[in-house]
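Residue numbers (our numbering): 1018 to 1262.
Every residue, glycine too, gets a C-beta built ideally from N, C-alpha and C.
Everything numeric in this text was worked out from a predicted model, so none of it was measured.
Scroll down for the structure; my scribbles are underneath it.
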Ligand code: CA
């Protein structure tokens, strides 16, 4: 299976800085988006630390080769995210001004015909398969907890004033639990990693339509998604990685 991938990260229309970061290591099949939070540019530091940790761990543990079986690759991804959390946590203890900083992370690691998806926080991974859009991650956010309890609808959650409250993030505790799922990949699959600047501006159905229209062209798809989020108001930084198999 050949892989085509493209990433776009944009400050949006309201914010002055872009606190999102992304990773696109097409050769080794590792892709990630991190959405930083915390004042005084600390969010930028946190998301950058998360992405740098994944990148450096990949170079250290698997220089130019694969990470092994699906199980081995999954364990590697979990440990790499835990390492990123530890690095951010340690950085906060050394730099007083970074107190309160944190970041989400969502990552896709290819292992043969499988895609391993790991995440912490409210950045998402979607899969477009056969014209249907599947949400492959479940947000670690206050509003999503309310949705799961049946107290809010998806639409209400998207517009809720507390939609930015993340219940699990890198940097907030010395340890972190990483959610991992594995999906078999079939030719034609399109995966999208995004920060919440995309899915708070666009509905899943709008995301699906744009992806379906550009299904063979990750560059056009990622550019069009970011453009649409900005047209809708661009209230937050928006980062999109589109991977076509
Ligand atoms: Ca955000």
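Assuming residue 1183 contacts residue 1157 (C-beta within less than 8 Å), just tell me the rounded distance between them. Translated into the one-based positions of the chain shown, residue 1183 becomes position 166. Translated into the one-based positions of the chain shown, residue 1157 becomes position 140. The pair is a contact, with the Cβ atoms about 6 Å apart (cut-off 8 Å).
Say whether the stretch 1038-1054 touches the stretch 1226-1239, bearing in mind that this needs 3 or more beta-carbon pairs closer than 8 Å, one atom from each stretch. no
8 Å Cβ cutoff met for residue 1145 and residue 1198: Along the chain shown, one-based indexing puts residue 1145 at 128. Along the chain shown, one-based indexing puts residue 1198 at 181. Taking 8 Å as the Cβ cut-off, residue 1145 and residue 1198 do not qualify as a contacting pair.
Contact check, residue 1188 vs residue 1068, beta carbons under 8 Å: Counting from one through the chain shown, the residue named residue 1188 turns up at place 171. Counting from one through the chain shown, the residue named residue 1068 turns up at place 51. For residue 1188 and residue 1068, no; Cβs fall outside 8 Å.
Euclidean distance between Cα positions of residue 1213 and residue 1139: Within the chain shown, residue 1213 is the residue found at index 196, counting from 1. Within the chain shown, residue 1139 is the residue found at index 122, counting from 1. Each residue's alpha carbon lies about 7 Å from the other.
Are the Cβ atoms of residue 1126 and residue 1169 separated by less than 8 Å? Looking up residue 1126 in the chain shown gives position 109. Looking up residue 1169 in the chain shown gives position 152. For residue 1126 and residue 1169, no; Cβs fall outside 8 Å.
Under a three-way DSSP split, which group does residue 1038 fall into? Your numbering for residue 1038 matches position 21 in the chain shown. If DSSP states are grouped into helix, strand and coil, residue 1038 belongs with the strands.
Just list the alpha helix (DSSP H) runs in the stretch 1148-1215, keeping only unbroken ones of 4 residues or longer that don't cross its boundaries, in chain order. 1159-1165 and 1171-1176
Would you check whether ligand 1 has a heavy atom nearer than 7 Å to the C-beta of residue 1035? On the chain shown, residue 1035 is found 18 positions in, with the first residue counted as 1. No.
Nearest-angstrom beta carbon gap, residue 1021 and residue 1261 [assumed within contact, 8 Å]: Sequence index remark: in the chain shown, residue 1261 carries index 244 (1-based). Sequence index remark: in the chain shown, residue 1021 carries index 4 (1-based). The pair is a contact, with the Cβ atoms about 5 Å apart (cut-off 8 Å).
Simplified DSSP state of residue 1256, which is helix, strand or coil: By 1-based counting over the chain shown, the position of residue 1256 is 239. In the structure shown, residue 1256 sits in a strand (DSSP, three-state: E or B).
DSSP on residue 1230, reduced to helix/strand/coil? The residue labelled residue 1230 in the question sits at position 213 within the chain shown. Three-state result, residue 1230: helix.
By C-beta, the residues closer than 6 Å to any heavy atom of ligand 1, given in chain order: 1052, 1212, 1213, 1214, 1253 and 1254
Mind pulling the alpha helix (DSSP H) runs of 4 or more residues that sit fully within the stretch 1046-1109? 1059-1078
For residue 1239, three-class secondary structure by DSSP: The residue given as residue 1239 occupies position 222 in the chain shown. Residue state, collapsed to three classes: helix.
Reduced DSSP category for residue 1111 - H, G, I as helix; E, B as strand; rest coil: Within the chain shown, residue 1111 is the residue found at index 94, counting from 1. Residue 1111 falls in the helix class under three-state DSSP.
Residue(s) in a DSSP beta bridge with residue 1027: Within the chain shown, numbered from 1, the residue matching residue 1027 stands at position 10. Paired residues: 1255.
Please name the residue, chosen from 1172, 1038, 1075 and 1152, that lies closest to residue 1058 on a Cα-to-Cα basis. Looking up residue 1058 in the chain shown gives position 41. Cα-wise, what sits closest to residue 1058 is 1038.
If you draw a straight line from the C-alpha of residue 1219 to the C-alpha of residue 1246, how long is it? For the purposes of this step, residue 1219 is identified with residue 202 of the chain shown, where counting begins at 1. For the purposes of this step, residue 1246 is identified with residue 229 of the chain shown, where counting begins at 1. C-alpha separation (whole angstroms): 6 Å.
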